[in-house]
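Those sequence lines, one after another, are chains H and R. When we follow the numbering used here, the leftmost residue of the first sequence carries the number 1, and every step to the right adds one. When we follow the numbering used here, the leftmost residue of the second sequence carries the number 151, and every step to the right adds one. Each residue gets a CB set at the ideal place from its N, CA and C atoms; glycine is no exception. What you are looking at is a predicted structure, and each value in this text was computed from that prediction instead of being measured.
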Amino acid sequence: MMIISQFSGLVAYQFMLGFVATCGFALWFNVPREVLVRTCLFGGGAYVVRFVLLRMGESPAAAAFWAALFVGIAGYAQARNARVPRVLLTVPGVIPLVPGVPAYDTIVSFFQGNALGGLQNAVKATMIIAALAGGLTAARAVTMSSRPPV
Amino acid sequence: MTQHTESVELGSSPGAASLADAMAIVLLVGSMMVRCGAAAFRSRLTMVRVARSLGVADCEFVVSPDLIQASLSSGVSTLARVVHIGEIGVNMARLAAIERMSRELASTPGPADAAEVRAQLDRIGGEAPLYPRWLTVVMLGAACAAFCGAMGGSALQVVGAYVGAALGHVLRLKLIAKHTHVASLVTLCTFTSSLVAFGVVRGGLHLAGGFASAFDVASGKAVLASVLYLVPGVPLVTSLLDIIHFDLVAGLARAAFATLVVVCMGVGMLMFLSMVHHLIP
């Protein structure tokens, strides 16, 4: 019982972090007020998806893929409801998933003359960015309409 | 009798646009969309909707982040133009408003009044940002603080990330107002944010009587989180969208822009690390 309570506390904390991070970008990108809260909720949700998958032992790249897929599909559904471009709901939610730590470690490793460490971190960062791209692309591919858009 | 191509009328109603009017309006629509951060396919679709609603029989557009090529045909005459975009940014509310306007025009029967469409575009273009600048400073600082928290940073590191990002964003707003080149802007903001975050954490540790080497602090979570507000998320995502829609040139151009921003962040970081490494014991 105690473990479940601790875990739900951590999930709530991750949700709050994702919500705040997404909100910062959404305000800077001038996201319309009518979709602002939904955009931030998707960002919080994406952080939770990533956190839970990492806790279950998934690799960072796989967790990033599923989190981006979540944002992409949720964004699609809400964009249709609100009749706004999907990008409004997806981009602010995905930016907090960008792998800052491996990217920064790449620079620090190269700076210290550790080329091997730098390359390892660069590959790690690239894998996560590719996974985010893959998740958003997969969401778009599964929801793409075959009807002419005009 | 010959008629100059630009003065060819696209309809017989009083507000009907000439081919030149239609060209000016669709190019304005396209350049506004690209400047707002729209992907090439979305900008093109919006331009097609507006062109058709103005009575243009046939149109083709090539959209990339730096220029738009347009060709409009009335059936008897064809007009082609190229327009350069200039500085690009992100403005989602404007993007949504232009797209909504184009959908409304497309769903209205009959040719649209050119003057009315231009007036709507002027109104959309003149709208002030929805959120005050101070609020974006507060919230982008909070976003970077949240990143630091997610990395497992201590309370002091979270504060360092917040202050570094907020002050860096203030500097970014000032540099944007001066039309500073994006490479200089990103490098300067990265350097400033890192330095401020470093100063806050190092100062805090000093006051608390703690000890950490300057390099440990400089390569820590606060400094890293403080620069994440500069990550070029919109160009990265729209570059992918362009590529999956087979707008390969636009997609690669945007990816090159995003890479430039990331490289400039790296340069700013290296400047900061180098300074800390050599000047601070």
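Have a look at the DSSP bridge pairing and note the partners of Ala230/R.
Ser221/R
Helix, strand or coil for Pro148/H? Go by DSSP, reduced to three states.
Confidence is the limiting factor: at Pro148/H the pLDDT is only 47, short of 50, which leaves the residue's position unreliable, though a coordinate-based value still follows. Coil at Pro148/H, not helix or strand.
Report the partner residues of Cys209/R according to the DSSP bridge assignment.
Leu222/R
Is DSSP giving Ser214/R helix, strand or coil here?
coil
Name the chain H residues that come within less than 8 Å of Met301/R, Cβ to Cβ?
Gly100, Val101
In chain R, what lies closer than 8 Å to Asn30/H by C-beta?
Val240, Asn241, Met242, Ala243, Arg244, Pro279, Leu280, Tyr281
Ala174/R versus Ser227/R: straight-line alpha-carbon distance, rounded:
16 Å
Around the Cβ of Val413/R, are there at least 16 other Cβ atoms within 10 angstroms (buried) or fewer (exposed)?
exposed
Partners in chain H for Phe297/R, counting only beta-carbon separations shorter than 9 Å
Leu17, Ala21, Pro96, Gly100
Between the beta-carbon of Gly370/R and the beta-carbon of Val346/R, is there less than 8 Å?
no
Quick one: measure Cβ to Cβ for Gly418/R and Phe341/R, integer angstroms, because I've assumed they're closer than 8 Å.
4 Å
Contact check, Ile107/H vs Gly416/R under 8 Å by CB: the rounded distance?
5 Å
Which of helix, strand or coil does DSSP assign to Ser252/R?
helix
Give the list of continuous alpha helix (DSSP H) stretches no shorter than 4 residues that lie fully inside the stretch 62 to 95 of chain H.
87 to 94
Mind listing the chain R neighbours of Pro85/H? Cutoff is C-beta to C-beta under 7 Å, in chain order.
Arg192, Leu245, Ala246, Glu249
Applying the criterion that 16 or more other CB atoms from any shown protein chain within 10 Å of the CB defines a buried residue, is Arg202/R buried or exposed?
buried
Given that Val91/H touches chain R, what residues does it touch there, using C-beta distances under 7 Å?
Gly383, Val384, Val387
Between the Cα of Ala246/R and the Cα atoms of Ala21/H, Leu17/H, Asn30/H, Ile4/H, which residue gives the shortest distance?
Asn30/H
Could you give the uninterrupted runs of the alpha helix (DSSP H) lying entirely in the stretch 300 to 354 of chain R, keeping only those of 4 residues or more?
305 to 327
Partners in chain R for Tyr76/H, counting only beta-carbon separations shorter than 8 Å
Within chain R, no residue comes near Tyr76/H; the closest Cβ sits about 13 Å away, beyond 8 Å.
Proximity to Gly72/H [Cα-Cα], best of Arg83/H, Ser59/H, Ala61/H, Val87/H
Val87/H
Cut-off 7 Å between Cβ atoms - residues of its own chain near Arg194/R, not counting five sequence neighbours on either side:
Phe211, Val213
Using a Cβ-Cβ cut-off of less than 7 Å, list which residues of the stretch 101 to 126 of chain H approach chain R; keep chain order.
Val101, Tyr104, Ile107, Val108, Phe111
Touching or not, the stretch 122 to 137 of chain H and the stretch 95 to 106 of chain H, by the rule of three or more beta carbon pairs under 8 Å?
yes
Using C-beta distances below 6 Å, list every residue in its chain close to Pro148/H, excluding the 5 sequence neighbours before and after it, in chain order.
Low confidence applies here, because Pro148/H scores a pLDDT of 47, under 50, leaving its location unreliable; read the following figure in that light. There are no such residues.
I'd like the list of long-range same chain contacts for Leu386/R, defined as Cβ closer than 7 Å, with 5 residues on each side in sequence excluded.
Ala408
Mind pulling the chain H residues with CB within less than 9 Å of Met419/R?
Tyr104, Ile107, Val108, Phe111
Let's test the definition: count the other Cβ atoms within 10 Å of the Cβ of Glu249/R and tell me whether it reaches 16, buried, or not, exposed.
buried
C-alpha gap between Ile326/R and Val233/R, whole angstroms:
23 Å
Pairwise C-alpha distance: Lys324/R and Val150/H
Confidence in Val150/H is poor, its pLDDT being 45 and thus under 50, which makes the residue's placement unreliable; the coordinate value appears in the next sentence. The alpha-carbon atoms of Val150/H and Lys324/R are separated by roughly 40 Å.
DSSP state of Thr152/R, grouped into three classes?
Summary for Thr152/R: the model assigns pLDDT 44, below 50, so the residue's position carries little reliability; its value from the coordinates is reported in the next sentence. If DSSP states are grouped into helix, strand and coil, Thr152/R belongs with coil.
Give a yes or no on whether the C-beta atoms belonging to Gly275/R and Ile238/R are separated by under 8 Å.
no
Suppose the cutoff is 6 Å on Cβ atoms and the five residues either side in sequence are ignored; what does the same chain contact list for Ala12/H look like?
none
So, under 8 Å CB-CB, Gly24/H and Tyr47/H are touching, yes? Tell me the CB distance rounded to an integer number of Å.
At roughly 13 Å, the Cβ-Cβ gap does not stay under 8 Å, so Gly24/H and Tyr47/H are not in contact.
Whole-angstrom distance between Pro92/H and Lys113/R, CA atom to CA atom
This structure cannot speak to residue 113/R, because chain R is shown only from 151 to 431.
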